[in-house]
Every structure is written in structure tokens, then in C-alpha cells.
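In my numbering, the protein residues as written are 6 to 267.
C-beta atoms are modelled at their ideal positions from N, C-alpha and C, and glycine is treated no differently.
Report on the following structure.
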Amino acid sequence: MPAQAHPKYRKLIATKILAARGHKWIGNEVPIDSEEGYEFNAEQLNVFQDCEFSVLYEHMQFAQATDEDVADAGDDETIRYVSRDAFEVAGEYLQLPGAAFVWQRGTPAAPNGQSIPMNVGKIMPSAVVSVTWHRLPEEALQPGSALWQRVFGSDEGDDQFLGKINSAEMFGMPQGCVLFSGFKPIRRHSPLGNGYEWDITFELSFKPSGWNWVYFMDPTDHTNSGFYFVGKPGSGVQPADELDDGVSIYNSIDLNDLFKVS
């Protein structure tokens with residue numbers, strides 16, 4: 006059920022009824038019979054013409070969309086009840102295989118040309134993107150459910166999504182650059198008062214160079230330096246949407262399927 010939006014400010018949604026009281030009393034639900042001998046044993050319930058109540062409206066964390074909107078978007082559930090909560094950027098120092106530095110001087114005197122006895126590295130940008138899927142039905146995340154099996158794998162041998170990279174674009178990030186690295190479900194009371202719901206935060210680690218691509222610094226010719234796919238001998242270069250399992254560092258799958266309950 007879509008959240009109730011404010012009639013004027015559509016980015017505000019009703020989250021709680023703070024108080025309620027009857028307006029204009031019109032009678033009792035069970036009228037009193039004044040006839041002698043009448044045995045009345047029911048409670049009197051006041052009946053009012055209207056109800057006045059105070060509603061708390063809060064800023065909406067997510068966009069709303071109807072089932073028809075989702076169908077028109079190719080069954081993309083991320084257009085509703087999904088919020089992007091954090092984008093933490095960091096620099097990661099990585100050693101560079103194949104790299105070798107030597108001392109350089111303007112003259113042939115020592116230590117010109119001598120190897121530097123230390124590891125060579127490079128700062129690589131990366132980020133952790135936190136995305137929360139709000140108000141999932143309680144039964145959507147139970148052992149044996151479709152979402153549970155996608156995250157953790159199944160008894161039938163289906164591999165888990167956790168620890169895999171995206172084979173298709175995801176939230177605008179290219180294929181092969183997103184690693185499913187974390188999963189935090191929180192169980193909450195439903196605001197409708199009819200049970201429990203889940204808010205699930207997915208942690209997605211983003212590396213713009215791709216998770217199966219490693220920087221190579223050519224010690225002889227700088228024109229060959231750059232990012233290269235790493236795989237088993239004879240595998241050839243395999244993009245994430247065509248990647249065979251077990252060929253490179255990370256297997257790939259369409260991580261957009263995490264945002265489906267069936």
C-alpha cells in the first residue's frame with residue numbers, strides 16, 4: 006500500500022496519528038431502552054458524526070510508484086521504496102604487479118639506474134554505496150524465500166549473490182564495477198499496525214576500474230601501462246556480462262535481481 010502523501014506537499018508522507026477525538030456527538034451505538042424490566046448489559050459506545058485527528062507528516066525517504074509504474078519501467082522495483090543513504094569515498098593503496106622503479110639522476114653517477122628495493126603502489130579510488138529497500142513484507146525475507154536464496158544461496162546448489170559483481174548496469178554504475186559486499190536487514194513494526202516489515206540496507210562497493218581489472222605498470226614502456234583483465238590462462242578478456250564462473254577474481258550476476266521478492 007502506498008504511503009499517504011500530504012494533500013499539498015507531495016514529498017511529505019503520513020507516518021503517525023498523534024491524537025484523535027470525536028466531533029459532534031450524535032448518539033449511542035446501543036440505545037438505552039427505558040421500558041421496565043429491560044435488562045441491558047452492553048457497554049454504551051458514543052457515536053460521533055466526525056473524527057478530528059492530528060497526523061505527523063515527515064519527509065519521504067523514497068519515491069512512490071504504482072504497480073503500473075513499475076511495469077512500465079520493466080519491473081524495476083528500485084524506482085519505489087528505495088533510498089540511497091550514503092556514498093563513502095576512499096583511496097585504496099594497491100601494489101602494482103610487474104612494476105619496477107629505478108633511481109634517476111641527471112648524470113650517470115650512483116645511484117642512477119639502480120633498482121629501488123621497495124614495493125610500487127598506486128592510490129585507487131573506491132566507494133561504498135549504501136542503498137536501503139524500505140517496507141518489505143515480513144515473509145519476503147525468510148529462510149527459503151527468493152530473496153533469502155539470492156543473498157545466501159540455496160540447498161539446491163544455487164550460488165549466493167554476496168561477493169559477486171554486477172553483470173549489468175546498476176544505479177548508473179557500469180557492469181563489473183559493483184561488488185555486493187554487505188547486507189543489513191532491520192525488522193520494524195508496520196506503520197499500518199498489521200505486523201512487521203523489513204528495511205534492508207545493501208552495501209555495494211564501487212570501483213570505477215572494475216573488480217576484475219588490475220593496473221599494470223610496464224617497467225620498459227609506459228605506453229603499455231594501464232588496467233588489464235586478469236583471468237585464467239587461455240580465458241581471454243571476458244566482460245562482466247559474459248563472464249564464466251571461476252575464470253577471474255569475482256564471479257558476476259545481475260545484482261538488480263536483489264530488488265525482487267519473487
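For residue i, count neighbouring Cβ atoms within 10 angstroms of its own Cβ and tell me buried if that reaches 16, exposed if not.
i: Ile22; result: exposed
i: Gly187; result: exposed
i: Ile254; result: exposed
i: Ser172; result: buried
i: Ile2; result: Summary: the structure shown does not reach residue 2, with the chain confined to residues 6 through 267, and so no result is reported for it.
i: Val183; result: buried
i: Gln180; result: buried
i: Met123; result: exposed
i: Ser159; result: exposed
i: Ala245; result: buried
i: Ser267; result: exposed
i: Gly215; result: buried
i: Leu61; result: exposed
i: Lys169; result: buried
i: Thr83; result: buried
i: Ser195; result: exposed
i: Glu202; result: buried
i: Leu209; result: buried
Alpha helix (DSSP H) containing residue i: first to last residue?
i: Asp72; result: 72 to 77
i: Ala245; result: Per DSSP, Ala245 belongs to no alpha helix (DSSP H) and is neither H nor E.
CB residue i to CB residue j, shorter than 7 Å?
i: Gly236; j: Val252; result: yes
i: Tyr98; j: Gly126; result: yes
i: Asp5; j: Ser135; result: With the chain covering only 6 through 267, there is no way to say anything about residue 5.
i: Gly200; j: Glu143; result: yes
i: Val87; j: Phe67; result: yes
i: Ser131; j: Lys189; result: no
i: Phe185; j: Leu260; result: yes
i: Asp223; j: Asn217; result: no
i: Phe166; j: Ile258; result: yes
i: Met65; j: Lys16; result: yes
i: Ala70; j: Arg85; result: yes
On the premise that residue j lies in contact with residue i, defined as a C-beta separation below 8 Å, what is that separation, rounded to the nearest angstrom?
i: Phe58; j: Ile31; result: At roughly 18 Å, the Cβ-Cβ gap does not stay under 8 Å, so Phe58 and Ile31 are not in contact.
i: Ile18; j: Ala8; result: 4 Å
i: Asp262; j: Arg155; result: 6 Å
i: Lys242; j: Phe234; result: Before going on, a small fix: residue 242 reads as Val here, not Lys. Sure, about 5 Å apart at Cβ, within 8 Å.
i: Val133; j: Ile121; result: At roughly 33 Å, the Cβ-Cβ gap does not stay under 8 Å, so Val133 and Ile121 are not in contact.
i: Ile205; j: Trp153; result: 11 Å between Cβ atoms; not a contact.
Would you mind reading off the limits of the beta strand (DSSP E) that contains residue i?
i: Ala10; result: That residue, Ala10, is in no beta strand (DSSP E); it is neither H nor E in DSSP.
i: Phe106; result: Where Phe106 is concerned, there is no enclosing beta strand (DSSP E), given that its DSSP letter is neither H nor E.
i: Val219; result: 218 to 221
i: Phe232; result: 231 to 234
What are the partner residues of residue i, as DSSP defines its beta bridges?
i: Pro213; result: Pro213 is not bridged to any residue.
i: Arg85; result: Note: Arg85 sits in no beta bridge, so no partner.
i: Phe207; result: Val136, Phe188
i: Asn124; result: BP columns for Asn124 are empty, so no partner.
i: Glu144; result: Paired residues: none, contrary to the question.
i: Asp55; result: His28
i: Pro130; result: Gly96
i: Ser159; result: According to DSSP, which records beta bridges pairwise, Ser159 is partnered with nothing at all.
i: Val252; result: The partner list for Val252 (beta bridge, DSSP) is empty, contrary to what the question assumes.
i: Glu202; result: Pro142, Arg193
i: Val183; result: Phe211
i: Val5; result: Only positions 6 to 267 of the chain appear in the structure, and residue 5 is not among them; the question remains open.
i: Asn117; result: BP columns for Asn117 are empty, so no partner.
i: Leu17; result: His64
i: Asn261; result: For Asn261, which the question treats as bridged, DSSP gives no partner whatsoever.
i: Ala91; result: Ser135
Would residue i count as contacting chain B if we go by Cβ distances under 7 Å?
i: Ile128; result: Structure shown: chain B not included; a single protein chain is present.
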